[in-house]
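Numbering-wise, the sequence shown is residues 427 to 497 according to this note's numbering. Idealized CB from N, CA, C, for every residue including glycine. The structure under discussion appears below in the form of structure tokens.
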Amino acid sequence: MAAGDIHTVPRGDRWANVFEDGERLIVIAGTKETAARMGRELARLRGVRHIVHERDDLTADAARSHDLIHG
């Protein structure tokens, strides 16, 4: 498994793709399907795994709590 896997996680009423370290937000999408499609393609290009979380997944909550958003 390569470092920097991409996770699709819930963020409020939207979905986000974040790097495995949880500190770098990649993109936010309106639907889980859109975010998952983007996350899958990014993971393919980077040669890493793509993990899709569910809304009630505790791992997603932990990853989300460490995200940093810079506007």
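Nearest to residue i by alpha carbon, out of the options?
{"i": "D482", "options": "G473, R450, R437, I432", "result": "R437"}
{"i": "L468", "options": "L451, R440, T457", "result": "L451"}
{"i": "R472", "options": "E459, F445, W441, D439", "result": "F445"}
Alpha helix (DSSP H) containing residue i: first to last residue?
{"i": "T460", "result": "458-472"}
Looking at the secondary structure, which residues open and close the beta strand (DSSP E) in which residue i lies?
{"i": "H433", "result": "432-437"}
{"i": "R440", "result": "440-445"}
{"i": "H476", "result": "476-478"}
Are residue i and residue j close, meaning C-beta to C-beta below 7 Å?
{"i": "D431", "j": "V474", "result": "yes"}
{"i": "N443", "j": "T434", "result": "yes"}
{"i": "D440", "j": "I454", "result": "It is Arg, not Asp, that sits at residue 440 in the sequence shown. Contact: yes."}
Whole-angstrom Cβ separation of residue i and residue j, contact assumed at under 8 Å?
{"i": "R466", "j": "H476", "result": "5 Å"}
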